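For any residue, its number in our numbering is found by taking its place in the sequence shown, counting from 1, and adding 343. Glycine included, each C-beta is placed from N, C-alpha and C at the ideal position. Values in this document were obtained by computation on a predicted structure and should not be read as measured data. Everything on this sheet refers to the single structure shown next.
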Amino acid sequence: MIRPVLERARLRVQSFRSGHSWLFWWLVAGFFALGLLPLNVALAAEEFDVWPLAAFVAGIAQSTALVLLLVRPKAATALQFLGVVVLAMALPPDSGSTWPLTVTGLVTLIVHVALLAARYPSQVVLVVWPLSVFVLVLVVLVDPRGRSPADGLGVLLLYPIFSAIVLGAVLLVRRWREIGRELADARHDVEVEQSQRAVAEERTRIARELHDVVAHSMSVIHMQATSASYRIEGLGPEARAEFGQIAAGARATLRELRQLLAVLRDDAADAELSPVPGLGRLAELVESADRAGVPVELRQEEGVVVPESVGLAAYRIVQESLSNVIRHAPGARATVVLGTDGPDLIVSVVNEAATRPAHPMEAPGRAGHGLAGMRERARLVGGTLDAGARPEGGYRVTARLPIGGQG
Numbered sequence: 344m345i346r347p348v349l350e351r352a353r354l355r356v357q358s359f360r361s362g363h364s365w366l367f368w369w370l371v372a373g374f375f376a377l378g379l380l381p382l383n384v385a386l387a388a389e390e391f392d393v394w395p396l397a398a399f400v401a402g403i404a405q406s407t408a409l410v411l412l413l414v415r416p417k418a419a420t421a422l423q424f425l426g427v428v429v430l431a432m433a434l435p436p437d438s439g440s441t442w443p444l445t446v447t448g449l450v451t452l453i454v455h456v457a458l459l460a461a462r463y464p465s466q467v468v469l470v471v472w473p474l475s476v477f478v479l480v481l482v483v484l485v486d487p488r489g490r491s492p493a494d495g496l497g498v499l500l501l502y503p504i505f506s507a508i509v510l511g512a513v514l515l516v517r518r519w520r521e522i523g524r525e526l527a528d529a530r531h532d533v534e535v536e537q538s539q540r541a542v543a544e545e546r547t548r549i550a551r552e553l554h555d556v557v558a559h560s561m562s563v564i565h566m567q568a569t570s571a572s573y574r575i576e577g578l579g580p581e582a583r584a585e586f587g588q589i590a591a592g593a594r595a596t597l598r599e600l601r602q603l604l605a606v607l608r609d610d611a612a613d614a615e616l617s618p619v620p621g622l623g624r625l626a627e628l629v630e631s632a633d634r635a636g637v638p639v640e641l642r643q644e645e646g647v648v649v650p651e652s653v654g655l656a657a658y659r660i661v662q663e664s665l666s667n668v669i670r671h672a673p674g675a676r677a678t679v680v681l682g683t684d685g686p687d688l689i690v691s692v693v694n695e696a697a698t699r700p701a702h703p704m705e706a707p708g709r710a711g712h713g714l715a716g717m718r719e720r721a722r723l724v725g726g727t728l729d730a731g732a733r734p735e736g737g738y739r740v741t742a743r744l745p746i747g748g749q750g
């Protein structure tokens, strides 16, 4: 029951992230595209005397490629390389050591490769990055204007160095985020497994105890039905036959119950022959808590008759609540109140703030199963349980367990 709920919550979070991640990448790509476009065009046209139309075409191609790679990476890379080639061919021979690219053109090409690394699998970058280096080398070697390859040596050295540094940083950050997501998923799976295990363990314990309760009740019914002919004088044949059928039904039910729940028995555990605990044994809990250094006041409404299963659930809830007080709030005063509200039994355990530091028995960070077990106990008898910290300090546990008119 808990696992599907948590899994649906996890899927909703992942759906929200994936549904809005596209907006982040469009903003990043748009920011670089719009920011570098005027610089590419103006710098090429004014500082390097590139024909304005060629500077505009190269700048548009390089900036458009940054946005296009979000949906068409192959076409965007081809467009980026086209802009690089146009700009390299349009730069005049006296452009200086920045040939075959301007500074902003070089930055645009590095940003393009970095966005590919951040957005797509690493195999894509392992193809595009060497290809970009090859394109620059090819442009330098086959320059139609007859420039010497030494003129482009500066860019041919700077681009691989700076692009490799940027790619390394992007891939490192991406891997770090992937590891963070994997760790978060692993923690989530552990929490789901612990919650599921806690509920399963508590259900097993409850099933064992309910088996004992029902088995005891059916044994009593069988005994009374079997001995009715000896205890009650003047029974007619029909009444004797009726009691015989009741005894036979009790035996069959008890046999089926034992067969059904035998798997829940732990063969390694010692058999518990003590009576099923109920409201009558709450005074023993209070005394044990007092001996542990937690003063407890018990307020119990007189004359309350509850079903055995409800009494057991109430006893276990009080027992776990006082155990939590002993573990987490040593020395704090606690009050246990049992009363009725219409057809319901109200169980309330309230404790004040601790008077001395707690020394937990469990290792730090270990998930507690007590609250999940108490909720499950209340649910299985048709009740509810609320728990939470008090504004003035301490903790409160309140259970509402239906008792109706059962006795």
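Is it true that the CB of residue j sits closer than 7 Å to the CB of residue i?
| i | j | result |
| --- | --- | --- |
| Leu-425 | Ala-404 | yes |
| Ile-453 | Val-509 | yes |
| Val-468 | Ala-461 | no |
| Arg-642 | Val-693 | no |
| Ala-696 | Leu-665 | no |
| Ala-376 | Val-410 | yes |
| Asp-486 | Pro-435 | no |
| Val-639 | Ala-590 | no |
| Glu-719 | Gly-682 | no |
| Val-498 | Thr-420 | no |
| Ile-669 | Val-637 | yes |
| Ala-433 | Ala-397 | yes |
| Ser-506 | Val-428 | no |
Return helix, strand or coil for residue i, following the three-state DSSP convention.
| i | result |
| --- | --- |
| Gly-747 | coil |
| Ala-742 | strand |
| Arg-328 | For residue 328 there is no data in the structure shown, the boundaries of the chain being 344 and 750. |
| Gly-674 | coil |
| Phe-477 | helix |
| Pro-435 | coil |
| Asp-532 | helix |
| Val-371 | helix |
| Tyr-463 | coil |
| Leu-526 | helix |
| Pro-503 | helix |
| Glu-630 | helix |
| Arg-709 | Interpretation of Arg-709 is limited by its pLDDT of 43, a score under 50 that renders its predicted location unreliable; no figure is taken from the coordinates. |
| Arg-546 | helix |
| Ile-575 | coil |
| Gly-497 | helix |
| Pro-580 | helix |
| Arg-415 | coil |
| Phe-391 | coil |
| Phe-359 | The pLDDT assigned to Phe-359 is 45, lower than 50, so where the model puts this residue is not dependable; a value taken from the coordinates is nonetheless given after this. If DSSP states are grouped into helix, strand and coil, Phe-359 belongs with the helices. |
| Gly-511 | helix |
| Pro-381 | helix |
| Thr-441 | coil |
Please classify residue i as buried or exposed, where buried requires at least 16 other C-beta atoms within 10 Å of its C-beta.
| i | result |
| --- | --- |
| Ile-575 | exposed |
| Gln-423 | buried |
| Gly-293 | Not covered by the structure: residue 293. The range shown for the chain is 344 to 750. |
| Pro-443 | buried |
| Trp-394 | exposed |
| Tyr-573 | exposed |
| Val-661 | buried |
| Glu-545 | buried |
| Trp-365 | exposed |
| Arg-520 | exposed |
| Trp-369 | exposed |
| Lys-417 | exposed |
| Ala-527 | exposed |
| Ala-543 | exposed |
| Arg-530 | exposed |
| Leu-484 | exposed |
| Glu-735 | exposed |
| Gly-646 | exposed |
What residues are listed by DSSP as bridge partners for residue i?
| i | result |
| --- | --- |
| Ile-689 | Gly-682 and Arg-743 |
| Arg-642 | Val-680 |
| Asp-729 | Thr-741 |
| Asn-694 | Ala-677 and Tyr-738 |
I want to know whether the stretch 725 to 745 touches the stretch 677 to 687 - three or more CB-CB distances under 8 Å. In short, these stretches touch, since the Cβ pair count reaches three.
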